Amino acid sequence: MRLHVKRFYEGREELRTYEVEGGGTLLEMLERIKTKEDATLSFAHECRSGVCGSCAVRVGGVEVLACAYSPKEDDLIEPLRFMPIMRDLIVDRSAVLTCNAGAQAAMEAGEFVKVSAEAAKFNALQSDCILCGSCYSACPVLAVKPEFLGPFALTRVWRYVSDVRENDVAGKIAAVQQAGIWDCTLCNACVPVCPQNIAPKQDIVMLRNKSGVMGYMDPNMFSGGGFGFGGMPEF
Ligand code: SF4
Ligand code: SF4
Ligand code: FES
Numbered sequence: 007m008r009l010h011v012k013r014f015y016e017g018r019e020e021l022r023t024y025e026v027e028g029g030g031t032l033l034e035m036l037e038r039i040k041t042k043e044d045a046t047l048s049f050a051h052e053c054r055s056g057v058c059g060s061c062a063v064r065v066g067g068v069e070v071l072a073c074a075y076s077p078k079e080d081d082l083i084e085p086l087r088f089m090p091i092m093r094d095l096i097v098d099r100s101a102v103l104t105c106n107a108g109a110q111a112a113m114e115a116g117e118f119v120k121v122s123a124e125a126a127k128f129n130a131l132q133s134d135c136i137l138c139g140s141c142y143s144a145c146p147v148l149a150v151k152p153e154f155l156g157p158f159a160l161t162r163v164w165r166y167v168s169d170v171r172e173n174d175v176a177g178k179i180a181a182v183q184q185a186g187i188w189d190c191t192l193c194n195a196c197v198p199v200c201p202q203n204i205a206p207k208q209d210i211v212m213l214r215n216k217s218g219v220m221g222y223m224d225p226n227m228f229s230g231g232g233f234g235f236g237g238m239p240e241f
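Below you can see the structure in the form of structure tokens.
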């Protein structure tokens, strides 16, 4: 099978084509290239089983986990977008920490609260996020606003503000008002690429609803910039 890999190394960008024998996942094919043909090809992986999120790349412009994707003839493999490229398909994932910290996407637990099985189910899906960064790479807002908190951090915020144990819902809602929920265009690009079937867009809508109930409104509405990046057209 013929695969094309966009490589970035020693300050150069280069499109390399490899002929790979045998089948398997994209990760297995990249490993075959590295062991048999080109030892300089660099890519990231850890668990090999869709759990760690470290192998996410773009194939034909769509984010996938290399350990879960079966390549097709002439696929183009690229690194994730909006994260600095360290080498070839390896990106600097510090955006994961930066976005989560900026969005305050961690629980502030208060006193002991018993959680019913039903309440635990409510945000069980969001808890499955493996921080692969696929949704972040797919989000068009990051192309024009690098400080946007992005889909995975906002999904996490919803996961915590909808948890009965969270002790600082007001603080978390306040933290996502700037460069956060109102800058999402609700385009849905983050949803189909999530390997865990999480829907960040829906969680952002939930955060907007909760923000509205708490007295917040879209700060772009009266700023002359329309409704966020694409919520409503300007008249
Ligand atoms: S729905 Fe919002 S967060 Fe998701 S990709 Fe579109 S703009 Fe980004
Ligand atoms: S929400 Fe989905 S796509 Fe985004 S980082 Fe988490 S697992 Fe990956
Ligand atoms: S190597 Fe861990 S998700 Fe692919």
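Residue numbers (our numbering): 7 to 241.
Note that the Cβ used here is the ideal one computed from N, Cα and C, for glycine as well.
The structure presented is a predicted model; accordingly, all values stated were derived computationally and were not measured.
On the CB-based measure, 16 or more other CB atoms within 10 Å of its CB, does residue i come out buried or exposed?
i	result
Cys105	buried
Val57	exposed
Leu103	exposed
Cys53	exposed
Arg8	exposed
Gly147	For clarity, residue 147 is Val in the given sequence; the question names Gly instead. Val147 is buried by the Cβ-count criterion.
What are the partner residues of residue i, as DSSP defines its beta bridges?
i	result
Val65	Val68, Ile83
Leu9	Tyr24, Asp81
Where does residue i sit, in a helix, a strand or coil, going by DSSP?
i	result
Tyr222	coil
Thr104	helix
Ala74	coil
Phe14	strand
Ile179	helix
Thr23	strand
Glu37	helix
Gly236	With a pLDDT of only 45 at Gly236, under the threshold of 50, the placement of this residue in the model should not be trusted; the figure read from the coordinates follows. DSSP places Gly236 in coil when its eight states are reduced to three.
Here's a check: name, in chain order, each residue in its chain whose Cβ is nearer than 6 Å to the Cβ of residue i, leaving out the five neighbours to either side.
i	result
Glu19	none
Ser217	Ile179
Ala162	Checking the sequence, you will find Arg at residue 162 rather than Ala. Contacts found: Ala111.
Cys5	Summary: the structure shown does not reach residue 5, with the chain confined to residues 7 through 241, and so no result is reported for it.
Gly108	Leu155
With a CB to CB cut of under 7 Å and the five nearest residues on each side skipped, what residues in its chain are close to residue i?
i	result
Ser143	Arg64, Glu69, Leu86, Arg87, Phe88
*Which ranges would you report for the alpha helix (DSSP H) in the region 182 to 218 if only whole runs of at least 4 residues count?*
Counting only runs of 4 or more, we get nothing.
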